[in-house]
Each structure stands twice: as C-alpha cells, then as structure tokens.
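What follows is a set of notes on a single structure, which appears directly below.
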C-alpha cells in the first residue's frame with residue numbers, strides 16, 4: 024500500500040519539459056479514474072514547461088489496448104515519450120491477472136522496440152476506493168508521477184545523445 028502522496032516530489036529535481044513532445048493514451052474503462060489521472064499528467068507536463076500543443080491525448084477502449092494505442096502514437100506522431108494511463112480493479116475472476124500481465128508486457132516491449140520512454144501509468148488495485156485515492160484522492164494523483172517520470176526519461180535520453 025502506498026504510504027506517501029504520489030503528487031509530492033522535489034520540483035527542483037524535474038528538468039524543464041520545454042520543447043518536449045508527449046503522447047498520452049487513456050483507457051476509457053473506469054474513466055472517472057483514468058480521466059483524473061490523464062488530467063493530472065497533463066497539468067504536470069504543462070507546469071514543467073510543456074506546451075499544450077506538444078501533448079497528444081488519445082483514448083482507447085480499455086487498459087489492454089494501451090500498448091497498441093501507444094504504438095500508434097510512436098509511429099504516427101513525434102512524441103518523445105508516451106504515457107499509458109489505465110486502471111484495472113480486482114474482480115472475482117482471473118481477468119485482472121490477464122489484463123495486468125498483457126499491458127505490462129506490452130509496455131516493456133514498446134520501450135525496447137522504439138527506444139523511447141513508454142510510461143506505465145496503470146493503477147492495479149484491489150478496490151475502486153484504492154484507485155480513487157490514487158487518482159486525485161488522499162494519496163495524490165499517479166498521473167502526476169507518470170508525467171514527472173516521462174519528463175525525466177526524455178531528459179536522460181537527451182543528455183546521453
């Protein structure tokens with residue numbers, strides 16, 4: 024269980040996002056949660072200097088479709104990093120396991136195939152309340168954390184070029 028607010032971080036440790044281009048792919052399933060995560064990511068990118076015009080936001084039906092949506096953004100946009108936002112809540116069947124495993128493996132493959140950051144902004148919780156707590160609730164917004172990770176990974180790649 025998270026013990027800290029996901030939206031708390033050292034502002035000075037985040038490089039400027041000015042000139043960086045980002046893609047955000049959001050699952051429509053559990054949209055009350057994923058929409059809040061996407062808004063957190065957008066707000067954080069802009070707060071750190073990204074122009075709204077340099078952020079491409081697209082939706083896919085569910086979390087399982089995030090890797091393919093991310094691949095489309097990698098192939099058809101100039102995104103430096105792509106944030107994948109979804110939410111899978113444990114149910115009574117093994118569906119949770121299959122979806123979580125598929126999106127995790129897909130995200131890993133995209134990072135390596137495209138040599139660019141694909142950020143895993145997927146909540147995998149036991150309850151809806153746990154997800155709400157991490158989507159702007161008492162534990163902050165995991166979308167903020169995903170955006171900061173994207174900025175830092177683009178800066179790292181640029182530094183090493």
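In the working numbering, the protein residues as written are 24 to 184. We put the CB at the ideal spot given by N, CA and C, even for glycine.
query	result
Assigned exposure category for residue 33 - 16 Cβ within 10 Å defines buried	exposed
Nearest-angstrom Cα separation, counted from residue 137 out to residue 98	9 Å
Which of helix, strand or coil DSSP assigns to residue 175	helix
Buried versus exposed, by CB contacts within 10 Å (16 or more), residue 121	exposed
Alpha carbon of residue 50 to alpha carbon of residue 184, nearest angstrom	32 Å
Limits of the unbroken beta strand (DSSP E) element including residue 91	Segment 89-99 is the alpha helix (DSSP H) holding residue 91; no beta strand (DSSP E) there.
Residue burial classification, residue 62 (beta-carbon count within 10 angstroms, cutoff 16)	buried
Close beta carbons around residue 172, own chain, < 6 Å, minus the five adjacent residues each side	142
Close beta carbons around residue 5, own chain, < 7 Å, minus the five adjacent residues each side	Residue numbering for the chain in the displayed model covers 24 to 184; residue 5 lies beyond these limits and cannot be assessed.
Pick from 152, 57, 180 and 39 that is closest to residue 107, judged by C-alpha positions	57
Backbone CA spacing between residue 35 and residue 157 [nearest angstrom]	23 Å
DSSP state of residue 53 mapped onto helix, strand, coil	coil
Integer Cβ distance of residue 169 from residue 64, believed to fall under 8 Å	5 Å
For residue 118, the three-state DSSP class (helix, strand or coil)	helix
Those residues which DSSP pairs with residue 78 across a bridge	45
Beta-carbon separation (whole angstroms), residue 87 vs residue 125, contact threshold 8 Å	6 Å
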